[in-house]
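Taken in sequence, the protein lines are chains A and B. My numbering applies: residue 1 is where the first sequence begins, and numbers increase by one. My numbering applies: residue 1001 is where the second sequence begins, and numbers increase by one.
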Amino acid sequence: MLETFIDRIRAAHAEDSPLILQGGGSKTFYGNADEGEVLSTRTLTGIVDYQSKELVLTARAGTPLAEIETALAERNQMLAFEPPHFGGAATLGGSIATGLSGPRRPYAGAARDFVLGVRMIDGTGQPLRFGGQVIKNVAGYDVSRLMAGALGTLGLITEVSLKVLPKPAAETTLQFELDETTAIENMNRWAGQPLPLSATSWHAGLLTVRLSGAESAVHGAQARLGGELLHDAAAFWQRLRDQATPFFDKRPLWRLAVKPTTPPLNLGSAVWIEWGGAVRWLASDLPAATLRDAAKIAGGHATLFRGSAPIDGAFAPLAPALRALHRNLKQRFDPKGILNRGRLYPEF
Amino acid sequence: MLSPAFLSQLRKLLPDHCVLHAREDLVPFESDGLSAYRNTPDVVALPENESQVAAILRLCHANQVAVVARGAGTGLAAGALPVDGAVLLVLSKLNQIRHIDPLARTATVQPGVRNLAISEAAAVHGLYYAPDPSSQIACSIGGNVAENSGGVHCLKYGLTVHNILKLRVWTIAGELLEIGSDTLDSPGYDLLALMTGSEGMLAVITEVTVKLLPRPQRAQVVLAAFDDVAKAGAAVGNIIAAGVIPAGLEMMDRLAIQAAEAFVHAGYPLDCEALLLCEVDGVNEEVSDDIFTVHEVLAASGAIEIHTAESEEQRLRFWAGRKAAFPAVGRLAPDYYCMDGTIPRAQLPHVLRRISEMSVEFGLAVANVFHAGDGNLHPLILFDANQPGELHQAEAFGSKILELCVEVGGTITGEHGVGLEKINQMCAQFATPELTRFHEVKAAFDPDTLLNPGKAVPELHRCAEWGAMHIHGGQLPHPELPRF
């Protein structure tokens, strides 16, 4: 089965013809418009190995996230980075290639934090294997994590090994009516205290906080923080994770990642804050440069997350030395630039 | 040898006391924590600020002189072993804590700041830096990043790679790269991951921004004794299956237990084959719940004795035994050689059985200390370097253990790094295409191979030569390579 993919990439390399790597197609909006024929991993499915007592799961790239999450739930475990599904068809490979994580990210870690190993095919059609199925491994450079978020530009991920975690025994969500400034302050202050936080959100005057852990710990924190109990909380966090609320329908949708303590940015549009203050979503027609500067001053970067037309500058430009290094790495893994050409940066 | 012209240019870049070249000044730098490997450096440069680091790198680059970066020198894989004709760039004078931001929970520090000093400085805010390698009192954060250091608590709190946000690094050409950011991610490739654990091969670190965590309200430890290592191994899996992620989960075998008990009188039961130490931490109520669960699981897993520390004093005493395990084992023989493989935990009984068989074959005793939660095994091979051939025997035994780790699906190094020590075993773990990519990753940063040359990733001809001597099961590794 893998041979088909190797042959296809070898041929594309030989003919210098670009390929668009795709899983379930749930995140085709993300990144710049790319060119070429679609190479789908949807036939490359299945959980290869799942050792719940070792906290390690290995699955082929095209395996639907839903299938993995079901298997994990049967043993009371989960993907702690809470990857977005964006409509349902998301695959493991796509989740790792985009490196996107959900509401639990600031408290549990990002997609890249849980990657233990990958099998991949580089841009010359060479199959490669990095990392492994063990939690601690420092042999060789960490190419597995380098693949997370590389948007397939360094290789086609064919198999991923991940660290998984037990599901928390209890979960509760509290809401507080607060202005933006106070909400940002509280998110940060609480994160510096021994509280079982697992997600935070602020929008339209409402701070929403999820607590996860042992029953007693969740109840204790709830008693300490006060607030109103949110019923149907699972649906709330799932909609936020998948951007399935009308707020996220507006275009262009920008994601400003900033130092979490950054005060309100006041950019003239309604904002949705996530990740303890570290991510500010807004639909804004302001020039890209204005938004990029605002994010940069705040210690981060701005991404044009969803546009109304194909995007040609999704990600913040890199400093010259970093840009040269990126080009150099790309050249080593995909010398002819056939994999997801232009998806990450137009120049490669 | 470095030319007098080069040395005189180097001296112009730094104050006199920051360039060491007299033999007696160089000797302390001849090895890192793995003293079996020694090489006196040609010259030691001890820059006092970032611009001196950049200037040294530019000078070396212009003269095509190699550079070996070194922090506190506590590494255990000869990663900072001096290389002939190279400058040993020691970053220990860059030891300032630049800034602690208690609300954002970060600390920005220079590479020579000691691991423990970060937690000490953050303590006033109720915060700490989680990764705690055993050498944390001495090891520095720059070296921790270079090695992706772990520690006793990494099953729950992660390795260095999970606990840093931003780096300032300099390429060998003397160019600054700012990697990562003050937020949780950065555009482009994850160079933060690539730099972490890169063993000084890609760039030189001059500043690290780390994440700080709130200090857990409470920690509690349970000690359990088993009459069989397989049962102890299974108990670890059962604890995790019960939904508890312990802050620390350590195992010791009979020889390690007895050595530790004789040394620090930790109160360990002596009539057992394996001892588990399971620590849980968090908010008060959660710790109580988890301790109850752990206790039940240990009993159901066949522990012959279970003790929950009844006081903070007893908790620390239980840990003192584990923490003193290395020096304690060191009392049993003139020398010991510490290995660092990781295995899937289910393979533990098989691996320990094979190790004890090999112990007989090689005629050297071995004590096993195990970060059981994450499968990181530290066999300590006892030997006497004054007996002709024993060091060589210990190294050969160690190699076999690492190859066994790879064979059962594990890795040759969980936290100590490859350095020079395990460079041959890299040939057992990786095939030619992967090793080639590693060299290409290095070339993307350091095309002239000037940073820490000869470490971490073996040259392909080295694997061919090593492979020729290690024909396994009739199969020659790397058959595609020309021999010698």
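Beta carbons: idealized from backbone N, C-alpha and C, even for Gly.
Exercise. Would you call the region 1–14 of chain A and the region 70–79 of chain A in contact, with 3 or more CB pairs under 8 Å?
Worked result: no
Exercise. Comparing the C-beta of Pro106 (chain A) with each C-beta of chain B, is any distance below 8 Å?
Worked result: yes
Problem set entry | Proximal residues, the region 88–120 of chain A versus chain B, C-beta separation under 8 Å | Gly99, Arg105, Pro106, Gly109, Ala110, Arg112 and Asp113
Exercise. Going by the CB atoms, is the gap between Ser1134 (chain B) and Gly1112 (chain B) shorter than 8 Å?
Worked result: No, the Cβ-Cβ distance between Gly1112 (chain B) and Ser1134 (chain B) is not below 8 Å.
Exercise. In the structure shown, what three-state DSSP assignment does Phe86 (chain A) receive?
Worked result: coil
Exercise. Since Ala97 (chain A) contacts Leu151 (chain A) with CB under 8 Å, what's their CB separation in whole angstroms?
Worked result: Between the beta-carbon of Ala97 (chain A) and that of Leu151 (chain A) there is about 6 Å, and that keeps the pair under the 8 Å contact cut.
Problem set entry | Simplified DSSP assignment, three categories, for Asn1063 (chain B) | helix
For this session: Specify the secondary structure class of Tyr1129 (chain B) as computed by DSSP and reduced to three states.
Result: coil
Problem set entry | At least 3 beta-carbon pairs within less than 8 Å: the region 1346–1357 of chain B vs the region 1385–1392 of chain B | no
Problem set entry | Supposed contact pair Leu291 (chain A) and Leu256 (chain A) - C-beta distance, whole angstroms, cut 8 Å | 7 Å
Problem set entry | Interface flag, Gln243 (chain A) vs chain B, CB-CB below 8 Å | no
Exercise. For Ala1367 (chain B) versus Leu1348 (chain B), is the C-beta spacing smaller than 8 Å?
Worked result: Going by C-beta atoms, Ala1367 (chain B) is not nearer than 8 Å to Leu1348 (chain B).
Problem set entry | Helix, strand or coil at Leu1316 (chain B) according to DSSP, with G and I counted as helix | helix
For this session: For chain A, find out if any of its Cβ atoms is closer than 8 Å to the Cβ of Pro1246 (chain B); answer yes or no.
Result: no
Exercise. Around the Cβ of Val134 (chain A), are there at least 16 other Cβ atoms within 10 angstroms (buried) or fewer (exposed)?
Worked result: buried
Exercise. Can you give the Cα-Cα distance for Pro263 (chain A) and Gly125 (chain A), rounded to whole angstroms?
Worked result: 48 Å
For this session: Report the residues of the region 131–160 of chain A with a CB closer than 8 Å to any CB of chain B, ordered along the chain.
Result: Gly132, Gln133, Val134, Ile135, Lys136, Asn137, Val138, Ala139, Gly140, Tyr141, Asp142, Val143, Arg145, Leu146, Ala148, Gly149, Ala150 and Leu154
Problem set entry | Ile363 (chain A) - containing alpha helix (DSSP H), residue span | With chain A covering 1 to 348 only, the question about residue 363 (chain A) has no answer from this structure.
For this session: Please list the segments of the beta strand (DSSP E) lying wholly inside the region 1242–1281 of chain B, counting only runs of 3 or more residues, in order along the chain.
Result: 1248–1253
For this session: Determine, using beta carbons only, whether Arg318 (chain A) and His326 (chain A) come nearer to each other than 8 Å.
Result: According to the sequence shown, residue 318 (chain A) is Leu rather than Arg. It is a contact, given that the beta carbons lie within the stated cut-off.
Exercise. Hey, quick one: how far does the alpha helix (DSSP H) through Cys1405 (chain B) stretch, first residue to last?
Worked result: Glu1390 to Glu1407
Problem set entry | chain A contact residues for Gln1136 (chain B), given Cβ-Cβ distances below 9 Å | Correct list: empty, because the minimum Cβ distance to chain A is about 17 Å.
Exercise. Could you give the residue range of the alpha helix (DSSP H) that holds Met1 (chain A)?
Worked result: Run containing Met1 (chain A): none; DSSP gives neither H nor E here.
Exercise. How far does the alpha helix (DSSP H) with Met1001 (chain B) in it reach, from first residue to last?
Worked result: Segment: none, Met1001 (chain B) is in no alpha helix (DSSP H) and carries neither H nor E.
For this session: Tell me whether the beta-carbon of Gln1220 (chain B) lies closer than 8 Å to the beta-carbon of Glu1279 (chain B).
Result: yes
Problem set entry | Glu1296 (chain B): contacting residues in chain A (beta-carbon distance under 8 Å) | Those within 8 Å of Glu1296 (chain B) in chain A number zero; the least Cβ separation is about 14 Å.
Exercise. Which partner residues of Leu100 (chain A) appear in the DSSP bridge assignment?
Worked result: DSSP, once it has assigned bridges, lists no residue as partnering Leu100 (chain A).
For this session: Specify the secondary structure class of Cys1338 (chain B) as computed by DSSP and reduced to three states.
Result: strand
Exercise. By Cβ distance below 7 Å, which residues in the same chain neighbour Phe1445 (chain B) in space, the five residues on each side in sequence not counted?
Worked result: Thr1171, Leu1202 and Ala1203
Exercise. Taking Cβ positions, are Gly1075 (chain B) and Gly1414 (chain B) nearer each other than 8 Å?
Worked result: no
For this session: Please classify Gly1473 (chain B): does DSSP put it in a helix, a strand, or coil?
Result: Legend: pLDDT at Gly1473 (chain B) = 44, less than 50; position of this residue unreliable, no value from coordinates given.
Exercise. Per DSSP, what kind of secondary structure is Met995 (chain B) in: helix, strand or coil?
Worked result: Residue 995 (chain B) is absent from the structure shown; chain B starts at 1001 and stops at 1484.
For this session: Please report the residue range of the alpha helix (DSSP H) in which His219 (chain A) lies.
Result: Glu215 to Leu225
Exercise. When the Cα atoms are used, what is the spatial distance from His1017 (chain B) to Lys1166 (chain B)?
Worked result: Distance from the CA of His1017 (chain B) to the CA of Lys1166 (chain B), rounded to the nearest whole angstrom, comes to 31 Å.
Problem set entry | Cutoff 6 Å; reference Phe1370 (chain B); Cβ partners in own chain excluding five residues on either side | Met1251 and Leu1377
Problem set entry | Unbroken stretches of the beta strand (DSSP E), 3 residues or longer, contained in the region 1019–1082 of chain B | Entirely contained in the region 1019–1082 of chain B, the beta strand (DSSP E) runs reaching 3 residues are, in chain order, 1043–1045 and 1066–1070.
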